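Notes follow the structure.
Protein chains in written order, with the numbering used here: chain A, 1 to 335; chain B, 1001 to 1199.
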């Protein structure tokens, strides 16, 4: 087939309930020169028939059935079938704004240095979207520049995967999708960012992210908190913690202790804890002293901030700035 | 009721939304709205509803306005020839606002104002249902709302964010309605449906 302006890559399994709405939102796009590559990963419900009926009516929709093989193999297979260098990811249960493809495509055309562009997202349906999810939505949408994305890169995944459009060549240059036990998308963003690729966000709500109990992020081990910590630690070891044998951890709570374990697994020990609790300052925990923030000095070694409570991260950043510490050099927020 | 003056503006082909005391203009029918906490009809969903209503034959008809807010749709319906209607809103302040605006337009006798939810509506067989509320609420009340319209009656639904549009249409189609018009706007959408004549 001729090369379309944009390829849409989707992987689905048993998505009969929401798939028609997702496909209709693609059919309403103002950018019409696209191909939709849908890997049907062993669906056992009506998904295969739904895809066939849409493909019969519109040759741009190209379903590929494979026996159930998992998301990452499906994305790798799908990528091979994408003919454009501009790939928009999409899931079978979400909704695109009609101008989504057009705006992302134009953005990448106008910004040749950018490898990946996301958009603002909105969770729905609103009656089941909880406070924490709204907070995540707000946080993600606040990362409107490459620098802000990099600053918060290790806090959480800065992008909703099905909302992004990327250059196929850029993703292939860092090895493409891979499955090494944690979220394949976050792993990909980290590799792109650490390989100096420019990342961007269009600050307009062009993608609607459906919340429901069956979503993979709620059910798969790869999306557990522990898997996220291991993913972050793996990439930190290749960046801020490269050649380091020990770190300072800010936060002697459950999260801080969970981080200690993950770091130990990759050969990095904790040499100091930082905490503001007067009851903890001066104690020795797992062989490392707990000190107060004022003991910190620029250049005193990498520190990971494991304080993620709402508002607390900003306070920690203020304190670090007051002490002359430089973010992403002296310290980094990891939760 | 606290109100403020604003510049009159046109809505649809026939109406002008104007504050109390505004001088009438030729060629437009005024809907007098005091501007309070619930706006006065500038929102794209309200404007699209008024535009859709202008094309309907409301003469002598009855209607239910669910989530009536300021009462603007009910007032427009009456001015387009409807005989009577019921306005209901869950917010007591909105009910008061609708009552006040209906008074300003001299039409309170034809409107019953209620504070509550769809469950509080005992009447059935309305010729029209207007519901400019949220998409997820429209999904939740679908069967009950369709049940309030008489066979072959009309539902005008709005306040539907883009992400709910497909499911609202699909759900109401499943409940025995036919989509007559689906209008997608900047952020919201408006759907006009006709209920099956045999339901």
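Don't be surprised by glycine CBs; every beta carbon is placed ideally from N, CA and C.
Note that this is a predicted model, so its numbers are computed, not measured.
Residue i, buried or exposed, once every other Cβ within 10 Å from all chains shown has been counted against 16
i, result
"residue 322 of chain A", "exposed"
"residue 251 of chain A", "buried"
"residue 331 of chain A", "buried"
"residue 1085 of chain B", "buried"
"residue 44 of chain A", "exposed"
"residue 1097 of chain B", "buried"
"residue 1009 of chain B", "exposed"
"residue 1024 of chain B", "exposed"
"residue 1075 of chain B", "buried"
"residue 1151 of chain B", "exposed"
"residue 1060 of chain B", "exposed"
"residue 104 of chain A", "buried"
"residue 127 of chain A", "exposed"
Check: residue i C-beta below 7 Å from any heavy atom of the ligand ZN
i, result
"residue 1176 of chain B", "Looking for the ligand ZN in the displayed structure turns up nothing, as the structure carries no ligands at all."
Neighbouring residues, chain A, relative to residue i (Cβ below 8 Å)
i, result
"residue 1172 of chain B", "Correct list: empty, because the minimum Cβ distance to chain A is about 14 Å."
"residue 1167 of chain B", "21"
Local conformation of residue i per DSSP, three classes
i, result
"residue 141 of chain A", "helix"
"residue 127 of chain A", "helix"
"residue 1131 of chain B", "strand"
"residue 80 of chain A", "helix"
"residue 213 of chain A", "coil"
"residue 259 of chain A", "helix"
"residue 1055 of chain B", "coil"
"residue 1185 of chain B", "coil"
"residue 1033 of chain B", "coil"
"residue 1165 of chain B", "helix"
"residue 1108 of chain B", "helix"
"residue 107 of chain A", "helix"
"residue 252 of chain A", "coil"
"residue 63 of chain A", "strand"
"residue 132 of chain A", "helix"
"residue 226 of chain A", "helix"
"residue 1200 of chain B", "Beyond the ends of chain B as shown, which are 1001 and 1199, falls residue 1200 of chain B; an answer cannot be given."
"residue 278 of chain A", "coil"
"residue 1154 of chain B", "strand"
"residue 1043 of chain B", "coil"
"residue 197 of chain A", "coil"
"residue 288 of chain A", "strand"
Contacts that residue i makes with chain B (C-beta to C-beta distance below 8 Å)
i, result
"residue 126 of chain A", "1134, 1136"
"residue 97 of chain A", "1162"
Option in the options with minimal Cα separation from residue i
i, options, result
"residue 160 of chain A", "A:253, A:167, A:277, A:116", "A:116"
"residue 1142 of chain B", "B:1159, B:1045, B:1177, B:1163", "B:1177"
"residue 87 of chain A", "A:151, A:10, A:24", "A:10"
"residue 14 of chain A", "A:294, A:283, A:215, A:229", "A:215"
"residue 30 of chain A", "A:101, A:201, A:234", "A:101"
"residue 1129 of chain B", "B:1062, B:1171, B:1079", "B:1062"
"residue 1044 of chain B", "B:1198, B:1099, B:1190", "B:1190"
"residue 169 of chain A", "A:108, A:246, A:96", "A:108"
"residue 1193 of chain B", "B:1156, B:1059, B:1162", "B:1156"
"residue 40 of chain A", "A:61, A:32, A:21, A:28", "A:61"
"residue 1147 of chain B", "B:1029, B:1068, B:1172, B:1059", "B:1172"
"residue 125 of chain A", "A:186, A:166, A:211", "A:211"
"residue 1078 of chain B", "B:1161, B:1153, B:1102", "B:1102"
"residue 155 of chain A", "A:325, A:278, A:310, A:319", "A:310"
"residue 1123 of chain B", "B:1012, B:1066, B:1158", "B:1066"
"residue 1083 of chain B", "B:1184, B:1186, B:1111, B:1094", "B:1111"
Neighbour list for residue i in chain B, Cβ cutoff strictly below 7 Å
i, result
"residue 24 of chain A", "1166"
"residue 208 of chain A", "1162, 1163"
Nearest-angstrom beta carbon gap, residue j and residue i [assumed within contact, 8 Å]
i, j, result
"residue 1033 of chain B", "residue 1017 of chain B", "6 Å"
"residue 194 of chain A", "residue 146 of chain A", "With a Cβ gap of about 13 Å, residue 194 of chain A and residue 146 of chain A do not count as contacting."
"residue 26 of chain A", "residue 19 of chain A", "Going by Cβ atoms, the distance from residue 26 of chain A to residue 19 of chain A rounds to 11 Å, so no, they are not a contact pair."
"residue 258 of chain A", "residue 271 of chain A", "No, residue 258 of chain A and residue 271 of chain A are not in contact; Cβ-Cβ is about 18 Å, not under 8 Å."
"residue 163 of chain A", "residue 207 of chain A", "4 Å"
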